[in-house]
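Please read the structure below before turning to the comments.
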Amino acid sequence: MGTLVKLSNFVGNTFAIWVLIFAALAFFEPKAFTWITPYIVPLLGVVMFGMGLTLSANDFKEVFARPKEVLIGVIAQFLIMPLLAFLLATLLPVSPEVALGIILVGCCPGGTASNVMTYLAKGDTALSVAVTSVSTLLAPILTPSLILLLAGKWLSVSAGALFWSIVKVVLIPIILGLIVQMLFQKQVKAAIQILPLVSVLAIVAIVAAVVGQNQQAIAKSGLIIFLIVVVHNVLGLLLGYWFAKLLKMSEPKQKAISIEVGMQNSGLGAALATAHFSPLAAVPSAIFSVWHNISGPIAATYFRKKSEKKENNQSTVTI
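Residues in the sequence shown are numbered from 1 upward in steps of one, following my numbering.
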């Protein structure tokens, strides 16, 4: 078990590298990964079940302890990224499928990786976890509604079908995870240590499947989609930070909101696109999954060094 825990920690800490490696492998050998496509939705369900196992009563207490701050984070999440996605899809010359894919990933809730990045950035981790939890639980209603509102001009969108998909792939697995955690606390405590390994394997498999299935489309228009994803993500990080700063939140909270807004649950975007739209619509989510696992650590490092510099300066002044 000790070896498995060490492997899980190593894989979790090098997540971005594995996503990059297998995305590249899938691009050059697509047939080796396309067989995974039918399992994208169940794989995401596994990740969400793992999220349910890690949630605790304290996470929900945090919501009631400071509802205003959590509300600010949730509003930022479902306002900034969807509107940025709509602007990028409207202003740039992309196909309707790609436009829908950009909006789809923009309307997803925050990803669980944002909590780790907030911790590394010396941000308010408790706030990050609370915002992720609430935005994920609200996703069955807000994500389909926003997609219908913003993407309807490009392709036909069934908000009802999207709602049930998110309930099945997000809400039910999380609730099951919470129930299992309450019934088998000791066993779950031990199992949680290998969750990073399971989550990384699932997300890497989803990304590889989407890249393999869309190899030709990525070869043709992957660069423009990549540039859009980078702009979307970077602006999300910046605007999330400024939004929190404008509302006079403290520096640790500004970091939490910034990272929470910028890092999306791109696995959900890929799963919804694959299940309800064309394979090409899943490409922005797959590329987002690769990129935000690069930009997230970069942002966390920048924020941490900024905090350390400020602490050192204060120590110098005190001395």
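Backbone N, C-alpha and C fix where the C-beta goes; we use that ideal spot for every residue, glycine too.
Are residue i and residue j closer than 8 Å when you measure CB to CB?
i: Val5; j: Ile194; result: yes
i: Leu120; j: Ala300; result: yes
i: Leu146; j: Pro82; result: yes
i: Leu100; j: Gly236; result: no
i: Pro93; j: Ser135; result: no
i: Ala244; j: Ile80; result: no
i: Ala286; j: Ala271; result: no
i: Gly296; j: Ala113; result: yes
i: Leu127; j: Val70; result: yes
Enumerate in chain order the residues of its own chain whose CB-to-CB distance from residue i is below 6 Å, with the five nearest sequence positions on each side excluded.
i: Phe15; result: Val200 and Asn293
i: Gly45; result: Val169 and Pro173
i: Lys371; result: Any answer about residue 371 is impossible in this case: the structure gives the chain only from 1 up to 319.
i: Phe33; result: Ala26, Ala208, Ala209 and Gly212
Assuming residue i contacts residue j under a Cβ cut-off of 8 Å, what Cβ separation, rounded to an integer in Å, is found between them?
i: Ile40; j: Ile206; result: 5 Å
i: Leu88; j: Ile203; result: The pair is not a contact, with the Cβ atoms about 24 Å apart (cut-off 8 Å).
i: Lys255; j: Thr118; result: 6 Å
i: Pro144; j: Ala159; result: 4 Å
i: Ala23; j: Val290; result: 5 Å
i: Leu171; j: Val157; result: No, Leu171 and Val157 are not in contact; Cβ-Cβ is about 20 Å, not under 8 Å.
Take residue i and list the residues in its own chain whose beta-carbon comes closer than 7 Å to its own, dropping the five residues that flank it on each side.
i: Gly50; result: Gly177, Leu195, Val198 and Ser199
i: Phe27; result: Val211, Gln215 and Ile218
i: Ala161; result: His276
i: Ile180; result: A small correction: the amino acid at residue 180 is Val; Ile does not occupy that position in the sequence shown. Excluding positions up to five away in sequence, the list reads Leu53 and Val188.
i: Gly240; result: Ala76, Ile80, Ile257, Ser258, Glu260, Val261 and Gly262
Whose C-alpha, out of the options, is nearest the C-alpha of residue i?
i: Pro284; options: Gly110, Ala113 and Val105; result: Val105
i: Ser307; options: Ser250, Pro42, Gly152 and Leu71; result: Ser250
i: Ala76; options: Leu7, Asn115 and Gly262; result: Gly262
i: Phe60; options: Met117, Glu29 and Thr132; result: Thr132
i: Ala130; options: Ser295, Pro297, Tyr302 and Lys253; result: Lys253
i: Thr125; options: Ala271, Ser221, Ser258 and Leu7; result: Ser258
i: Gly111; options: Phe303, Lys122, Phe33 and Leu137; result: Leu137
i: Pro30; options: Ala209, Gly296, His232 and Phe78; result: Ala209
i: Val98; options: Ile225, Ile192, Thr274 and Met182; result: Ile225
i: Ile166; options: Ala113, Trp154 and Gly267; result: Gly267
i: Leu238; options: Leu223, Ile175 and Tyr302; result: Tyr302
i: Phe86; options: Leu25, Val231 and Pro279; result: Val231
i: Ser56; options: Asn9, Trp164 and Leu183; result: Leu183
The ligand NAD heavy atoms versus the CB of residue i: any closer than 7 Å?
i: Lys6; result: The ligand NAD is absent from the structure shown, which contains no ligands of any kind.
Can you find a CB in chain D that lies within less than 8 Å of the CB of residue i?
i: Tyr39; result: Here there is only one protein chain, and chain D is not present.
Uninterrupted beta strand (DSSP E) stretches inside the stretch 186–216 (no shorter than 3 residues): none
Uninterrupted alpha helix (DSSP H) stretches inside the stretch 245–277 (no shorter than 4 residues): 251–262 and 266–276
Runs of alpha helix (DSSP H) wholly within the stretch 94–139 (minimum 4 residues, chain order): 96–106 and 113–120
Ranges of the alpha helix (DSSP H) found wholly within the stretch 48–99, counting only runs of at least 4: 57–65 and 67–91
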